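Participant:
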Amino acid sequence: MLSKRHVLVVDEHPKSVSHMQAMLKGTGLFEVQVARTAAEALSLLESRHFQLVIIDMNMPDMDSLRFISELCQRRVNTMLVLVSACSQSLMNSVSLVAQKSGLTVMGAFQKPFSEDALRQLLQRMQQGAETTPQSHDRAPCTFERRAIENALQSRGIQAWFQPKIALGSGRIIGAEALARWDHPEYGFMLAGSFLDAIRHYGLQKPLLLRILEDAMEAHLLWQRCGYQIPVSVNLPVSLLDDPQLPDELFRQVTARGVDTANVSFELLEDEAISHVVNYHTGSSRLRLKRFGLAQDDFGRGYSSMYRLISTPFTELKVDRSFVHGVADDDIRKTALNAVVQLGRQLGLTVTAEGVETMRDLQFLRHIGCDYAQGFLISAAIGAERFGMLLASEVSDRFVLASPTR
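Note that this note's numbering has the sequence shown beginning at 1, numbered continuously upward.
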């Protein structure tokens with residue numbers, strides 16, 4: 001159950017304000033205060049803490065983009081909801097600005113604010129409270145190199161696993177290995193808190209080998225329990241400049257008695273390819289060794305159509321920016337449907353990342369997407385808990401009728 005939240009509604013229209021107040025208070029979960037101007041809202045935010053701010057995108061004294069800028073400059077820690085009568089594409093653009101500026105955006109909804117919008121908001125807040133681990137943001141160079149190296153050697157940095165389900169059956173069919181750091185001072189940290197430091201010190205390869213080793217152990221653990229669960233590991237494309245890497249990865253996997261067909265590498269698209277020949281040589285050699293190869297985060301970063309058709313991928317992973325909220329966004333529906341059909345026509349399995357609501361999952365099944373992962377299914381968890389998840393058959397709750405083709 002959600003604890004009571006303090007909400008600030010920023011809207012100049014009395015009818016809209018009354019309507020929203022009644023809906024929010026009717027849940028019994030919110031204490032609501034109203035600001036008639038953006039300037040008044042900023043003043044209130046300086047004097048007290050609001051967990052949630054709901055703002056009309058086009059306030060007369062300050063548009064939503066200026067308001068977002070002010071929130072960031074003042075370092076206001078709050079969740080944001082955008083409401084507007086503007087086009088969905090404009091709302092998506094403003095929402096993206098807020099997210100890239102470091103704000104947590106819980107939704108962008110058409111006015112008038114509806115019961116369905118409220119239901120989605122409550123669901124997203126509940127999921128965020130239950131499934132988002134606590135983490136600590138740190139500047140990239142505030143971690144010393146030696147501390148990271150020690151964590152890699154001692155398994156302070158380790159792999160946790162996010163399940164992937166088949167949308168046709170609802171069963172868990174794979175696991176993505178994600179780096180986590182159990183820091184002695186700062187506690188449990190997500191990868192985003194320390195990956196910049198990893199890059200800064202050139203420790204991407206030691207991290208890759210650490211996570212791959214953990215993934216092999218987890219795969220064998222689940223295998224002993226009767227489950228054949230393939231694993232995937234993130235691989236920065238810059239590491240493909242090392243001509244020895246495919247052989248090294250092959251030796252590490254086969255030395256544990258694991259079939260390479262049960263291991264996939266997800267090529268991270270957070271950097272440009274510096275040496276095209278090395279990239280294609282490395283990716284092709286991995287496939288010749290029967291490793292799976294996934295185009296990760298397709299739709300953002302440095303991913304491109306040419307890279308998709310010129311690299312021997314076996315899987316296309318659609319970035320969460322296409323997936324999150326797709327069931328209620330006609331523009332995203334069109335784009336995501338096109339991406340899924342493209343992947344299927346290219347003979348790739350298609351995985352949707354960042355699935356957080358059952359409505360989004362049902363839409364993905366409807367358009368023929370193969371696999372899904374996200375907080376709706378499970379956050380990343382340790383290998384033993386993952387085994388318990390398999391044994392509990394919790395995935396039964398995602399078993400639905402076969403999707404319409």
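Positions of the beta carbon are idealized from the N, C-alpha and C atoms, including for glycine.
Predicted, not measured: the structure shown is a model, and the values here were computed from it.
Mind the definition here: the stretch 224–233 touches the stretch 186–196 only if three or more C-beta pairs lie below 8 Å; say whether that holds.
Facilitator: At 8 Å Cβ cutoff, the stretches do not touch.
Participant: So the beta strand (DSSP E) N234 belongs to, where does it begin and stop?
Facilitator: From DSSP, the beta strand (DSSP E) with N234 extends over 231–236.
Participant: Extract the residue ranges of the beta strand (DSSP E) inside the stretch 172–235, only unbroken runs of 3 or more that lie entirely within it.
Facilitator: The stretch 172–235 contains these whole beta strand (DSSP E) runs: 172–183, 187–190.
Participant: Does DSSP put G26 in a helix, a strand or coil?
Facilitator: Helix, per DSSP.
Participant: Can you give me the start and stop residues for the alpha helix (DSSP H) that D247 sits inside?
Facilitator: Where D247 is concerned, the enclosing alpha helix (DSSP H) stretches over 245–254.
Participant: Is the stretch 270–287 close to the stretch 333–347, with three or more CB pairs under 8 Å?
Facilitator: Not touching, per the Cβ criterion.
Participant: Considering only DSSP beta bridges, list what D241 is partnered with.
Facilitator: Answer is none; D241 lacks a bridge partner.
Participant: Give me the Cβ distance between W181 and F161, rounded to the nearest whole Å; I'm assuming they're in contact under 8 Å.
Facilitator: About 16 Å; that fails the 8 Å criterion.
Participant: Check whether the stretch 207–222 and the stretch 376–385 are in contact - that is, three or more C-beta pairs closer than 8 Å.
Facilitator: As far as the Cβ criterion goes, the stretch 207–222 touches the stretch 376–385, which means the pair count is three or higher.
Participant: Name the two residues that bound the continuous alpha helix (DSSP H) containing R66.
Facilitator: That run of the alpha helix (DSSP H) goes 64–73.
Participant: Is it true that the CB of A117 sits closer than 7 Å to the CB of L82?
Facilitator: In this structure, A117 does not lie closer than 7 Å to L82 by Cβ.
Participant: Within the chosen definition, does the stretch 278–298 reach the stretch 239–246 through at least 3 CB pairs nearer than 8 Å?
Facilitator: At 8 Å Cβ cutoff, the stretches touch.
Participant: Can you pull the DSSP bridge partners for S84?
Facilitator: Note: S84 sits in a beta bridge opposite Q110.
Participant: Can you say whether D11 is buried or exposed, counting buried as having 16 or more other CB atoms within 10 angstroms of its CB?
Facilitator: D11 should be labelled buried.
Participant: Within 10 angstroms of its Cβ, does P14 collect 16 or more other Cβ (buried), or is it exposed?
Facilitator: Exposed.
Participant: Beta carbon of L203, beta carbon of I157: below 7 Å?
Facilitator: Taking 7 Å as the Cβ cut-off, L203 and I157 do not qualify as a contacting pair.
Participant: Give a yes or no on contact between the stretch 19–29 and the stretch 38–46, applying the rule of three or more CB pairs nearer than 8 Å.
Facilitator: Contact fails: fewer than three Cβ-Cβ distances are below 8 Å.
Participant: DSSP on L400, reduced to helix/strand/coil?
Facilitator: The pLDDT assigned to L400 is 47, lower than 50, so where the model puts this residue is not dependable, and the model offers no usable value.
Participant: Reducing DSSP to helix, strand and coil, say where A35 ends up.
Facilitator: Strand, per DSSP.
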